[in-house]
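The structure appears right after this line, and notes come after that.
There are 2 protein chains.
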Amino acid sequence: MYRSPLREIRFVMHELLADGALVPGYADIEYSAELGDNIAEEAAKFAENVLEPLNRSGDEEGASWSPEGVRTPKGFKAAYAAYVEAGWAQLSVTTELGGQGMPQLVNTAVEEMMFASNMAFFLGTSLARGAVEAIAASGTAEQKAQVLPRLVSGEWMGTMNLTEPQAGSDLGLMRTHAAPHGDHYRLFGQKIFITYGDHDLTDNIIHLVLARIDGAPEGVKGISLFWVPKFLLNADGSNGARNDLRCISIEHKLGIHASPTCVMSFGEQEGAVGYLLGPPHAGLSFMFIMMNAARLSVGVQGLAQSERALQGALDWARNRLQGRVAGKPAPVAIIEHPDVKRMLLSMKARTEGMRALCYFAALELDKAHRSADEAQRKAALLRAELLIPIVKGWCTETGVEITSTGVQVHGGMGYVEETGAAQFLRDVRIASIYEGTTGIQANDLIGRKLARDRGAAMNALIQDLLAELNASRALMPGAKAARNAATEALTTLRDATEAVLRMHAEVPALAQAVSVPYLMLCGLVLAGALMARAATVAEAALVANADDAFYLAKLQTCRFYAEQVLPEVLGLARVVKGGAASVADTASELI
Amino acid sequence: MYRSPLREIRFVMHELLADGALVPGYADIEYSAELGDNIAEEAAKFAENVLEPLNRSGDEEGASWSPEGVRTPKGFKAAYAAYVEAGWAQLSVTTELGGQGMPQLVNTAVEEMMFASNMAFFLGTSLARGAVEAIAASGTAEQKAQVLPRLVSGEWMGTMNLTEPQAGSDLGLMRTHAAPHGDHYRLFGQKIFITYGDHDLTDNIIHLVLARIDGAPEGVKGISLFWVPKFLLNADGSNGARNDLRCISIEHKLGIHASPTCVMSFGEQEGAVGYLLGPPHAGLSFMFIMMNAARLSVGVQGLAQSERALQGALDWARNRLQGRVAGKPAPVAIIEHPDVKRMLLSMKARTEGMRALCYFAALELDKAHRSADEAQRKAALLRAELLIPIVKGWCTETGVEITSTGVQVHGGMGYVEETGAAQFLRDVRIASIYEGTTGIQANDLIGRKLARDRGAAMNALIQDLLAELNASRALMPGAKAARNAATEALTTLRDATEAVLRMHAEVPALAQAVSVPYLMLCGLVLAGALMARAATVAEAALVANADDAFYLAKLQTCRFYAEQVLPEVLGLARVVKGGAASVADTASELI
Numbered sequence: 001m002y003r004s005p006l007r008e009i010r011f012v013m014h015e016l017l018a019d020g021a022l023v024p025g026y027a028d029i030e031y032s033a034e035l036g037d038n039i040a041e042e043a044a045k046f047a048e049n050v051l052e053p054l055n056r057s058g059d060e061e062g063a064s065w066s067p068e069g070v071r072t073p074k075g076f077k078a079a080y081a082a083y084v085e086a087g088w089a090q091l092s093v094t095t096e097l098g099g100q101g102m103p104q105l106v107n108t109a110v111e112e113m114m115f116a117s118n119m120a121f122f123l124g125t126s127l128a129r130g131a132v133e134a135i136a137a138s139g140t141a142e143q144k145a146q147v148l149p150r151l152v153s154g155e156w157m158g159t160m161n162l163t164e165p166q167a168g169s170d171l172g173l174m175r176t177h178a179a180p181h182g183d184h185y186r187l188f189g190q191k192i193f194i195t196y197g198d199h200d201l202t203d204n205i206i207h208l209v210l211a212r213i214d215g216a217p218e219g220v221k222g223i224s225l226f227w228v229p230k231f232l233l234n235a236d237g238s239n240g241a242r243n244d245l246r247c248i249s250i251e252h253k254l255g256i257h258a259s260p261t262c263v264m265s266f267g268e269q270e271g272a273v274g275y276l277l278g279p280p281h282a283g284l285s286f287m288f289i290m291m292n293a294a295r296l297s298v299g300v301q302g303l304a305q306s307e308r309a310l311q312g313a314l315d316w317a318r319n320r321l322q323g324r325v326a327g328k329p330a331p332v333a334i335i336e337h338p339d340v341k342r343m344l345l346s347m348k349a350r351t352e353g354m355r356a357l358c359y360f361a362a363l364e365l366d367k368a369h370r371s372a373d374e375a376q377r378k379a380a381l382l383r384a385e386l387l388i389p390i391v392k393g394w395c396t397e398t399g400v401e402i403t404s405t406g407v408q409v410h411g412g413m414g415y416v417e418e419t420g421a422a423q424f425l426r427d428v429r430i431a432s433i434y435e436g437t438t439g440i441q442a443n444d445l446i447g448r449k450l451a452r453d454r455g456a457a458m459n460a461l462i463q464d465l466l467a468e469l470n471a472s473r474a475l476m477p478g479a480k481a482a483r484n485a486a487t488e489a490l491t492t493l494r495d496a497t498e499a500v501l502r503m504h505a506e507v508p509a510l511a512q513a514v515s516v517p518y519l520m521l522c523g524l525v526l527a528g529a530l531m532a533r534a535a536t537v538a539e540a541a542l543v544a545n546a547d548d549a550f551y552l553a554k555l556q557t558c559r560f561y562a563e564q565v566l567p568e569v570l571g572l573a574r575v576v577k578g579g580a581a582s583v584a585d586t587a588s589e590l591i
Numbered sequence: 001m002y003r004s005p006l007r008e009i010r011f012v013m014h015e016l017l018a019d020g021a022l023v024p025g026y027a028d029i030e031y032s033a034e035l036g037d038n039i040a041e042e043a044a045k046f047a048e049n050v051l052e053p054l055n056r057s058g059d060e061e062g063a064s065w066s067p068e069g070v071r072t073p074k075g076f077k078a079a080y081a082a083y084v085e086a087g088w089a090q091l092s093v094t095t096e097l098g099g100q101g102m103p104q105l106v107n108t109a110v111e112e113m114m115f116a117s118n119m120a121f122f123l124g125t126s127l128a129r130g131a132v133e134a135i136a137a138s139g140t141a142e143q144k145a146q147v148l149p150r151l152v153s154g155e156w157m158g159t160m161n162l163t164e165p166q167a168g169s170d171l172g173l174m175r176t177h178a179a180p181h182g183d184h185y186r187l188f189g190q191k192i193f194i195t196y197g198d199h200d201l202t203d204n205i206i207h208l209v210l211a212r213i214d215g216a217p218e219g220v221k222g223i224s225l226f227w228v229p230k231f232l233l234n235a236d237g238s239n240g241a242r243n244d245l246r247c248i249s250i251e252h253k254l255g256i257h258a259s260p261t262c263v264m265s266f267g268e269q270e271g272a273v274g275y276l277l278g279p280p281h282a283g284l285s286f287m288f289i290m291m292n293a294a295r296l297s298v299g300v301q302g303l304a305q306s307e308r309a310l311q312g313a314l315d316w317a318r319n320r321l322q323g324r325v326a327g328k329p330a331p332v333a334i335i336e337h338p339d340v341k342r343m344l345l346s347m348k349a350r351t352e353g354m355r356a357l358c359y360f361a362a363l364e365l366d367k368a369h370r371s372a373d374e375a376q377r378k379a380a381l382l383r384a385e386l387l388i389p390i391v392k393g394w395c396t397e398t399g400v401e402i403t404s405t406g407v408q409v410h411g412g413m414g415y416v417e418e419t420g421a422a423q424f425l426r427d428v429r430i431a432s433i434y435e436g437t438t439g440i441q442a443n444d445l446i447g448r449k450l451a452r453d454r455g456a457a458m459n460a461l462i463q464d465l466l467a468e469l470n471a472s473r474a475l476m477p478g479a480k481a482a483r484n485a486a487t488e489a490l491t492t493l494r495d496a497t498e499a500v501l502r503m504h505a506e507v508p509a510l511a512q513a514v515s516v517p518y519l520m521l522c523g524l525v526l527a528g529a530l531m532a533r534a535a536t537v538a539e540a541a542l543v544a545n546a547d548d549a550f551y552l553a554k555l556q557t558c559r560f561y562a563e564q565v566l567p568e569v570l571g572l573a574r575v576v577k578g579g580a581a582s583v584a585d586t587a588s589e590l591i
C-alpha cells in the first residue's frame with residue numbers, strides 16, 4: 001500500500017531547496033511553505049485513497065478497445081471525476097488561464113505522488129496539461145476562449161499526436177497532411193503511440209496533431225500544429241457531430257496496461273476537421289514548449305515508481321523471515337541480511353537523489369518564470385533546460401534499475417505478479433523511451449544544452465555546487481563522506497564535460513558515442529552534490545537533536561550514496577574520456 | 001527469428017578454449033572437435049525449427065491449470081516428443097546410465113541454443129536432468145533400475161521440490177514431513193515454485209522432494225530426500241494408481257509463461273507415497289549435487305536470452321530508418337546512430353564475454369571429471385566451483401541489463417509485446433532469482449569458495465590469466481587495448497579479493513555487504529581476460545587473412561569491452577574496498 005512520503009517531500013521543498021525563494025515571485029497566489037504543504041497533503045490523500053486502490057486492478061483489467069471506443073478499467077471514470085471535482089487538473093495552469101498557478105515545484109511534488117500511486121491513470125491527465133500549454137502559447141484569443149476553459153477544468157482532455165509508423169524520433173518523415181478547407185483544414189493520416197488517444201473519461205477530446213499542410217516544405221520545417229476535436233463543436237460550444245477520426249486499435253504493452261496507447265486514424269472519410277494553431281510550418285516549436293514540462297514529468301515517473309518499489313521492498317523485507325545473522329534470534333527479517341540491506345539502501349539512496357534532482361530542476365523552472373531579476377530568470381532558464389534531459393534520462397534509467405532491484409528483494413515472490421513488484425518494473429520501463437529516448441536526451445544534452453554556450457551553464461552549476469560544498473562544515477562521518485565524495489565527483493564531471501565539449505567541437509559523432517554515459521554521469525554527480533547538501537542539513541538538525549530518526553536516516557542514505565553509489569562515476573568518466581573511438585571506429589556491418 | 005550463433009560457439013569451443021584437451025578424457029565416446037560441431041549443428045536445427053516457433057505463442061497462451069492437471073501451450077507436447085525422439089534428453093547423462101556422456105562443454109553449447117530459442121520449454125527438461133544426477137548419486141541399485149532408464153530417455157520427467165511458503169532461501173524452516181510406512185514413507189506438506197510440477201508432456205513425473213522424517217532434528221540437518229511418483233509404479237513398471245499429490249494452482253508470473261510454476265500439495269488424503277533416497281537426514285547434500293549443474297545452466301540462460309535480445313535488436317536497428325548522420329543519405333538505418341551502435345556493441349561485447357565465461361566454467365567441470373591427473377582434476381574442480389556462482393550471478397544480472405537494452409534499441413516498439421523484445425526481459429528476469437538469488441551466489445562465493453582456501457583458487461586463476469596476457473603479443477590496437485585493460489582489471493580484482501578476504505576473516509557481515517559488487521567485479525574481469533584472449537586469437541587469424549570479417553568483428557567487440565565495459569571495474573572495486581561500512585553501520589529500523 002502506497003504511503004505518500006510527505007516528510008521527505010517537505011524536507012526537499014523547504015530544507016534542501018528553500019522554496020521560500022518563491023514567495024515574492026508567487027505573490028499573486030500568496031505562495032508560502034504552508035500552502036505548499038497543504039497542497040501536498042491533499043494530493044497525498046487523493047493518491048492514497050483514490051488512485052492507489054486502482055493501480056493493481058487497472059493493470060490486471062487494462063484498457064479495452066471496441067469499435068465504439070476505448071474503455072478505461074473499472075473505477076477510472078469515477079476517479080477522474082473526483083480528480084476534476086477536486087480541482088487537480090488546474091493546479092499548475094496559470095491563473096490567467098483560470099488555473100491555480102502553483103509553482104512547478106509544488107506541481108512536481110503532486111506529480112510524484114500521483115504517478116507513484118497510479119502511473120497509468122495519471123499519464124493521460126499529465127499530457128492533457130501539456131496540451132493546455134501548447135494551445136496557450138500558439139492559439140488565437142478566439143481559439144483559446146473556445147477550448148481552454150474546458151481543458152483547464154478537466155471537463156475535456158487533450159492529447160499529443162506526433163508519432164507515425166515511419167516517423168518516430170525522426171519527425172521529419174511525417175506524412176499526415178492537411179488540406180485547406182474554408183476556415184479550417186481536413187486532416188488525413190495515421191498516428192501511433194497516442195497516449196489516451198481515446199477513452200471514456202471525458203465527453204470530448206481535443207487532439208493536438210502535427211501534420212503537413214499540402215504543399216509544405218519537406219522535413220521538420222513543413223510541419224504545422226492543429227487542434228482536432230473528437231466531436232465537432234456547435235456554435236454554442238456544445239458537442240456536435242463526430243469528427244472523422246477514430247482509434248483503430250490499442251497496443252498490447254509490457255506495462256501501463258490501464259493507459260490506452262492508441263493507433264489513431266484521421267480522415268478515413270472526408271477528412272478530420274482541424275484548426276491551425278499558430279503560423280503554418282511552425283508546429284514543432286510549439287510541441288517543444290510542451291516537451292520541456294513533459295520531460296520533467298517523465299523523469300518524475302522514474303522517481304515515483306522507484307519510491308513505490310522501495311516501499312514495497314521494505315514492507316516485504318521487514319516481514320519476511322529467513323535465515324540467521326549473528327546476534328539475533330533466527331529466523332530474522334531478511335532486511336537484517338547485509339546484501340538485502342545493501343539493496344534497500346541502494347534503492348533508497350538513489351530515490352532520494354532523484355527526488356532532490358527532480359525538485360531542484362522544477363525550482364529552476366519556477367525561478368526562470370518568476371525571479372524579479374531578468375538576468376536571474378535567464379540563468380535559471382538555461383540551468384533548467386540543461387537539467388531537464390539529465391532528469392529525464394537519468395531518473396528513468398535509474399527507475400528501471402531500482403524497480404528491478406525491488407523485484408530482487410522479493411525473491412521468487414517478486415516474479416509473481418500478485419506481489420505487485422513486477423508491475424512497477426513493467427510500468428516504468430516505458431519512461432526511458434517515450435518523450436524522447438535516453439539517447440535523444442543525451443544528444444539534446446551535449447548537442448544543444450552544452451554546445452550552445454560551450455558548457456558555460458554546466459560549469460556554472462558545477463562551480464556553484466563546489467563552492468557550496470567547500471563552505472559547508474560536514475563534521476559528522478556521514479556528512480563528511482558525502483561532502484568529500486561529491487567534491488571529487490564534481491571535479492570529475494568538470495573534466496568529463498571538457499572532454500565531451502572538445503570531442504563535440506572536433507567530431508560530433510565521437511561525443512555522441514559516449515553521450516549516454518555522460519548523461520548518466522551528470523545525473524549521478526549532481527544528485528550526489530544535493531545528497532551532500534542534504535547531509536549538511538541533517539547534520540545541523542542532529543546538532544540540535546541528536547536522536548531525530550529522520551535526520552539519522554538521512555545521514556545513512558547520504559553516506560551510502562557517497563560510498564556505494566558515487567563510485568560508479570569512476571567508470572563512467574573513463575568511458576566518457578576514452579570510450580568513444582571503440583564505437584566510432586566500428587563498422588556497423590560487422591556488429 | 002533466432003539464428004543459432006554456431007560460428008561464435010565454434011570459436012569459443014575450439015579457438016578460445018581448445019577443447020582438444022578433452023579428447024583423451026572422453027575416449028569412451030570418441031570425443032573430437034568435429035563431434036562437438038556435429039552435435040551443436042543438430043541442436044541448432046532443433047532450436048531454430050522446433051523450439052523457436054513456439055516461443056512467442058507459448059508466452060501468449062501460457063500454461064493453464066484445471067483440476068485435471070496442467071496443460072502446456074499448443075505445440076509443446078509434440079516438441080517434447082521430438083526432443084525425446086532425437087535423444088536430446090540423454091545428451092549429457094553418463095554412458096553408464098544409458099546416456100550419451102557428452103562433455104559439459106558441448107552440453108553448455110546445446111543449452112545455450114535451447115534456452116535462447118525457448119527458455120520456458122527447456123527449463124523443465126533441464127531440471128529433469130538434475131533429477132537424474134541426484135538419483136544416480138543417492139539411489140540404491142534397485143531404485144536406479146526402477147526409475148532412471150525412463151528418466152534418462154525422457155519418457156518421464158523429474159522435478160525438484162524444495163521451496164515452501166515459509167522456507168525459501170532458508171531450507172531449515174521446511175515443514176513437509178514424511179511418516180515411515182513399511183518400505184516407504186507417506187509425505188505431507190505443501191511445496192511452492194515447482195517448475196513443471198505438473199504438465200502433460202509425459203505420462204508420469206518423478207518428484208524429488210525434500211522433507212523431514214517424523215522425529216528428525218530441526219534445521220537443515222533433519223532434511224531427507226525422497227522420490228515421489230505422480231503415478232505409483234506397478235510391479236511390472238507400468239503406471240499404477242494416482243499418488244496422493246497434486247498441483248493446486250500455478251503462478252501468474254512476469255515471464256516464462258509457458259513454464260508452469262506449481263503449488264504442489266502432498267498428502268491431502270492418506271499421504272503421498274515416497275521412497276527415501278540415500279541415508280536419512282542427508283537430503284541436502286544430494287540437492288547440492290544437482291545445484292552446481294543447475295546454477296551453471298541458469299547462468300547460461302542469462303547468456304542465451306542476451307544473444308536472443310541482441311539478434312532482435314540488430315535486426316531492428318539494421319532495418320529501422322530514422323534521422324541522419326554525416327556522410328550517408330537520410331534517413332539512415334538507426335544502427336548508424338552512435339548511441340544505437342554503442343548499445344548494440346554493449347549487448348554484443350557482454351554477450352560474448354558471458355559465452356566465454358560460461359563455456360570456460362563448463363570446460364573446468366569436464367577437466368574435473370576426466371583429467372588424467374588427480375591433482376589436475378582436483379584443481380579443476382575447485383576452479384569450477386569457484387566459477388559457478390560467478391557465472392550464475394553475473395550472467396543473469398547482465399542478462400537483465402542486456403535484454404532491457406534490447407527493448408531500448410527498439411524504442412516505442414520495444415514496449416509493445418508484439419515485437420518480442422519485452423519477452424526476453426520478462427523471461428530472463430527470473431534467472432537472477434531462482435536456484436539461489438544473486439545475493440546467495442555472492443555469499444557462496446565469498447563465504448565458501450573464497451574463504452575455504454583463503455583465496456588460493458581465485459588467486460591461481462588470476463595469476464594464470466595474468467601470465468597468459470603477459471606472454472601474449474597483442475600488436476593490433478584492439479588486441480592491445482584488450483590486453484592492457486584486462487591486465488589492469490585482473491590486478492584490481494586481486495586487490496579486491498584480498499580486501500574481501502580480510503573483511504571476511506574479521507567481520508563476515510562487512511564482506512557480505514559488498515559481496516554482490518565483488519561477484520559482479522569477478523564476472524566482468526574474468527570475462528574481460530577471456531575477451532583479451534579472444535582478441536589475441538583474432539589478431540593471429542588476421543595476420544593470416546586481414547579481411548576476415550569474423551575476426552575483424554571480434555577485435556571490435558574485444559576493444560569495446562576493454563574501453564566501455566571494463567571501466568565499470570573501477571567503481572565496483574572502490575565499493576568493494578570502501579563501501580561495506582555504509583551498510584554494516586546502518587540501523588535497519590532507520591531505512
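Protein chains in written order, with this note's numbering: chain E, 1 to 591; chain U, 1 to 591.
Cβ atoms here follow ideal geometry from the backbone N, Cα and C, with glycine treated the same way.
Should N605 (chain E) be labelled buried (16 or more other beta-carbon atoms within 10 Å of its own) or exposed? Residue 605 (chain E) lies beyond the stretch modelled for chain E, which goes from 1 to 591, so this question has no answer here.
Checklist entry - Is it true that the CB of L510 (chain U) sits closer than 9 Å to the CB of R338 (chain E)? => result Sequence inspection shows Pro at residue 338 (chain E); the Arg mentioned does not correspond to that position. Against a cut-off of 9 Å, the Cβ pair of L510 (chain U) and P338 (chain E) comes out as a contact.
*asked:* With a threshold of 9 Å between beta-carbons, can M343 (chain U) be considered close to chain E, or not?
replied: With 9 Å as the cut-off, M343 (chain U) counts as an interface residue toward chain E.
>> Contact defined as beta carbons within less than 8 Å: I believe F360 (chain U) pairs with L17 (chain U). What is the distance between those atoms, to the nearest angstrom?
In response: Contact flag correct, Cβ pair sits at about 6 Å.
message = Tell me the rounded alpha-carbon separation between C522 (chain U) and L572 (chain U).
response = 10 Å
Query raised in the report: Hey, out of E:M287, E:E563 and E:G579, whose CA is closest to G579 (chain U)'s CA?
Result: E:E563
* Asked: Where in the segment 250-329 of chain E do unbroken runs of the alpha helix (DSSP H), each at least 4 residues long, occur, reported from the N-terminal end onward?
  -> 283-319
Which bits of chain U does V209 (chain E) rub up against, with CB to CB less than 8 Å?
-> Listed by position along chain U, the residues whose Cβ is nearer than 8 Å to that of V209 (chain E) form an empty set, because the closest Cβ is around 18 Å away.
### Message
Please classify D59 (chain U) as buried or exposed, where buried requires at least 16 neighbouring CB atoms within 10 angstroms.
### Response
buried
C-beta neighbour in chain E for Q311 (chain U), strict 9 Å:
no
- The beta strand (DSSP E) spanning H593 (chain E) covers which residue range? Residue 593 (chain E) lies beyond the residue range present for chain E, which begins at 1 and ends at 591; the question has no answer from this structure.
Item to check | DSSP beta-bridge partners of R71 (chain E) | outcome: E:S64
Determine, using beta-carbon pairs with one atom in the segment 247-260 of chain E and one in the segment 306-316 of chain E, whether at least three such pairs fall under 8 Å. no
Open item on the list: Taking the alpha-carbon of I390 (chain U) as reference, which of U:D585, U:G299 and U:R324 has the nearest alpha-carbon?
Closed with: U:G299
Exercise. Could you tell me the boundaries of the beta strand (DSSP E) in which M157 (chain U) lies?
Key: M157 to N161
Neighbour flag for T586 (chain U) against chain E, beta carbons, 9 Å
It does: the Cβ of T586 (chain U) has a partner Cβ on chain E nearer than 9 Å.
Q. Around the C-beta of F193 (chain E), are 16 or more other C-beta atoms found within 10 angstroms, so that it is buried, or is it exposed?
A. By the neighbour-count definition (other C-beta atoms within 10 Å, threshold 16), F193 (chain E) is a buried residue.
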